[in-house]
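Worksheet for the structure shown next.
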Amino acid sequence: MQQTIDLKKKADINLLKSKNEALVINDVINKYTKEESSKLPTFVIFLSDGGVTNHTEIKKALINAAKYPIFWQFVGLGGSDYGILEKLDNMPGRVVDNANFFHVDDLQNITDDQLYQRLIDEFPLWVKEAKTKNILRG
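The sequence shown maps to residues 1 to 138 in UniProt numbering.
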């Protein structure tokens, strides 16, 4: 039993280190809508070092994710070529704007408060919109 758990942990870590953002997005959707369903919103911080190339799959995954109580905060860390992640605010086809992106090239120069503000910048807007669309209740 312990070996199975250890293999699952290793698989999860490898998945998170992969460049297959769409696969990770779909795995998170499954986890928080089926495995650990909750009425509370889920706030996902998704780190990327760039090299994002599978735009079509990411777009499909985020359009699908928009109907769930999950907000995606993508953060670019010292890389380049964030691809579709940089275009999230204008991405059509979603029930609600369920994602935001910013890059951090100045991690050593920003305060914790500044980083926190960047992380939650669009989350309150999403909560409001998700409530009006009955994605979130309460």
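C-beta: ideal position from N, C-alpha, C; glycine also.
From residue i to residue j, what does the alpha carbon distance come to, in whole angstroms?
i	j	result
THR42	PRO69	6 angstroms
TYR82	ILE58	12 angstroms
PHE123	PHE71	7 angstroms
VAL127	LEU136	7 angstroms
Consider the Cβ of residue i: report whether some Cβ of chain B lies at a distance smaller than 9 angstroms.
i	result
GLY93	Protein chain content of the structure displayed is limited to a single chain, and chain B is not contained in it.
In the DSSP assignment, find the unbroken beta strand (DSSP E) run with residue i in it and report its ends.
i	result
THR56	Here THR56 belongs to no beta strand (DSSP E); instead the alpha helix (DSSP H) covers 55 to 65.
VAL96	Premise fails: VAL96 is in no beta strand (DSSP E) and is neither H nor E.
According to DSSP, is residue i part of a helix, a strand, or is it coil?
i	result
THR111	coil
ASP49	strand
ILE29	helix
ASN24	Asn is not the amino acid found at residue 24; the sequence shown has Val there. Three-state result, VAL24: helix.
For residue i versus residue j, is the C-beta distance shorter than 9 angstroms?
i	j	result
LEU107	LEU115	yes
VAL44	GLN73	yes
LEU85	VAL52	yes
LEU62	ILE25	yes
Does the segment 91 to 100 come within contact of the segment 32 to 42, defined as at least 3 CB pairs closer than 8 angstroms? no
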